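Residue numbers for the sequence shown follow this note's numbering, so the first one is 22 and each next one is one higher. The beta-carbon is built from N, C-alpha and C at its ideal position, and this holds for glycine as well. Just so we're clear, the structure is a prediction, and the values are computed from it rather than from any experiment. Structure first, commentary second.
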Amino acid sequence: MSDDTVIDPEVPPSGTGCVECEESGGWWFHLRRCAACGHIGCCDSSPSQHALHHAMDQRHPVVRSFEPGEDWFWDYATNDYLDGPTLAPPDAHPLDQPAPGPAGRVPAEWRRQLH
Ligand SMILES: [Zn+2]
Ligand SMILES: [Zn+2]
Numbered sequence: 022m023s024d025d026t027v028i029d030p031e032v033p034p035s036g037t038g039c040v041e042c043e044e045s046g047g048w049w050f051h052l053r054r055c056a057a058c059g060h061i062g063c064c065d066s067s068p069s070q071h072a073l074h075h076a077m078d079q080r081h082p083v084v085r086s087f088e089p090g091e092d093w094f095w096d097y098a099t100n101d102y103l104d105g106p107t108l109a110p111p112d113a114h115p116l117d118q119p120a121p122g123p124a125g126r127v128p129a130e131w132r133r134q135l136h
């Protein structure tokens, strides 16, 4: 993939949870998948907004929802939705993984910590 690729349909997702939250022991509300490199990050409503930070830091502006049943793309460069291709599976995190997640790390007052 070249440096200016924003969508690479061949790259599988990095895992089933936010990369940085898994490392730090954090939690997320919803998950987003980087369309360029497969990085899974937490959404803009999540406490740490790792998908947004990844998009800015890596200049990978396009994300796709990683929530079951959602197939929209978002472009942080234009702040608008985008039509994108089918990406390498899986399309979403496992159905038995809760949102917010991951199980066991979500505080009782999680709604008050959303953006
Ligand atoms: Zn995160
Ligand atoms: Zn990326």
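**Message:** Using the Cβ count rule (16 or more neighbours within 10 Å means buried), how would you classify residue 62?
**Reply:** buried
**Prompt:** Roughly how many angstroms separate the alpha carbons of residue 59 and residue 105, rounded to a whole number?
**Reply:** 14 Å
**Request:** In angstroms with no decimal places, state the Cα-to-Cα distance between residue 55 and residue 81.
**Result:** 7 Å
**Request:** Examine ligand 2 and report whether any of its heavy atoms sits within less than 7 Å of the Cβ of residue 79.
**Result:** yes
**Secondary structure of residue 48, DSSP reduced to three states** = It is coil, neither helix nor strand.
**Message:** Taking contact to mean 3 or more Cβ pairs, one atom from each stretch, closer than 8 Å, check whether the segment 44-55 and the segment 68-85 are in contact.
**Reply:** Flag = yes, the segment 44-55 and the segment 68-85 touch.
**Request:** Please classify residue 72: is it buried, with 16 or more other beta-carbons within 10 angstroms of its beta-carbon, or exposed?
**Result:** buried
**Prompt:** Would you report the Cα separation of residue 129 and residue 121, rounded to the nearest angstrom?
**Reply:** 11 Å
**Request:** Report all residues from its chain with a CB closer than 6 Å to the CB of residue 67; omit the five preceding and five following residues, and keep chain order.
**Result:** Cβ-Cβ distances below 6 Å link residue 67 to 49, 50 in the same chain, with the five nearest sequence neighbours on each side left out; the list follows chain order.
**residue 61 - partner residues in DSSP beta bridges** = Looking at the DSSP assignment, residue 61 forms a beta bridge with 54.
**Message:** Measuring only from the beta carbon, is residue 131 closer than 7 Å to any heavy atom that is part of ligand 1?
**Reply:** no
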